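Worksheet for the structure shown next.
In my numbering, the protein residues as written are 1024 to 1178.
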């Protein structure tokens, strides 16, 4: 089933997330500069590593259905297996966890706050994207009822 969308590609969402990524990256350079706690580095690396694995699994799971824009590709298919059986937007989840890991490693409270902003941003982006996914894929509403949006088994 091919669906025409009156909405633009969603470049504004992509640009917005790039600005938030940049802000998270530079945030540790602004602030009190306290040294990280002893456990912060290994904890941050574990959280960030889980995020990288989750995001990579999401990218690989989408295959040719992958797009940087929050709009389904014309010849895409609905993915419901692998990491997509755990979360409907695993790439977003992975990026959030990676940013959180970076925030912990650098011990930057500003980066943590910006990571929370990123999570809210991705939640809204996903909500927008899901309207188009439901319009394109007949089984999307059933999938949405079974699988949580960003946090497996929770949200």
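No residue lacks a Cβ here, since even glycine has one placed at the ideal position from N, Cα and C.
If you're wondering where the values come from, they're calculated on a predicted model, not measured in any experiment.
When C-alpha distances from residue 1101 are compared across 1076, 1132 and 1166, the shortest belongs to 1166. Rounded to whole angstroms, the separation of the alpha carbons of residue 1061 and residue 1146 is 32 Å. Between residue 1117 and residue 1074 a beta carbon distance of about 5 Å is seen, short of the 8 Å cut, so the two are scored as contacting.
Short of 7 Å from the beta carbon of residue 1114, and not among the five residues preceding or following it, lie these beta carbons of its own chain, in chain order: 1078, 1081 and 1082. For residue 1071, the closest of 1103, 1175, 1128 and 1137 by C-alpha to C-alpha distance is 1128. Inclusion of residue 1133 and residue 1054 in the CB contact set at 8 Å is warranted, their separation being smaller than that value.
Residues 1033, 1036, 1148, 1151 and 1152 of the same chain have their beta carbon placed closer than 7 Å to that of residue 1093, with the five preceding and five following residues left out of the count.
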